[in-house]
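Take 37 as the starting number for the sequence shown in the working numbering and just add one per residue.
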Amino acid sequence: MLIIAGTLKVKADHRQAMLDAVAPMVAATLNEAGCRDYVFSADPNDPEVVRLYELWDDEDALKGHFESEHMAQWQARAADLPILGRDIAKYTISAVGPVR
């Protein structure tokens, strides 16, 4: 399994526009094979931060996501948004268990 997690920094007065713009891509992605979770959310502690969390079955599923039409459409929309920075990483998960 893979986790993609990180943050996008936006101007506070543009954060909701960014979340609105990404909503169609999120909805489509949640229907992709191998996608277990996919979330963009406003950070409640910082008005300039949007948090990203994705959970994928494997690398092939993630590759399919990057090749999808809805991802291409999102990237075209994102080019017009004032995204000031990104800090996103991919984590490969070898085991999953409960938190104690």
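Just so you know, even glycine gets a beta-carbon here, dropped at the ideal spot from N, CA and C.
As the structure is a prediction and not an experimental result, all values here were calculated from the model.
Any idea what DSSP makes of residue i, helix, strand or coil?
i           : result
residue 44  : strand
residue 122 : strand
residue 62  : helix
residue 117 : coil
Take residue i and list the residues in its own chain whose beta-carbon comes closer than 7 Å to its own, dropping the five residues that flank it on each side.
i           : result
residue 50  : 117 and 118
residue 110 : 58 and 61
residue 126 : 38 and 40
Sort the options by Cα distance to residue i and report the nearest one.
i           : options              : result
residue 85  : 125, 47 and 61       : 47
residue 82  : 131, 135, 40 and 45  : 45
residue 97  : 124, 123, 57 and 66  : 66
residue 104 : 134, 64, 125 and 78  : 64
residue 41  : 73, 135 and 107      : 73
residue 87  : 76, 126, 135 and 115 : 76
Based on the DSSP secondary-structure assignment, which residues constitute the bridge partners of residue i?
i          : result
residue 73 : 91
residue 86 : 44 and 78
Given residue i, which residues of its chain have a CB within under 8 Å of its CB, disregarding the five upstream and five downstream residues?
i           : result
residue 129 : 37, 38 and 39
residue 100 : 68, 69 and 70
residue 132 : 37
residue 53  : 117
Among the residues of its own chain, which have a CB less than 6 Å from the CB of residue i, if the five just before and after it don't count?
i           : result
residue 121 : 45
residue 79  : 85 and 87
residue 43  : 85, 87 and 123
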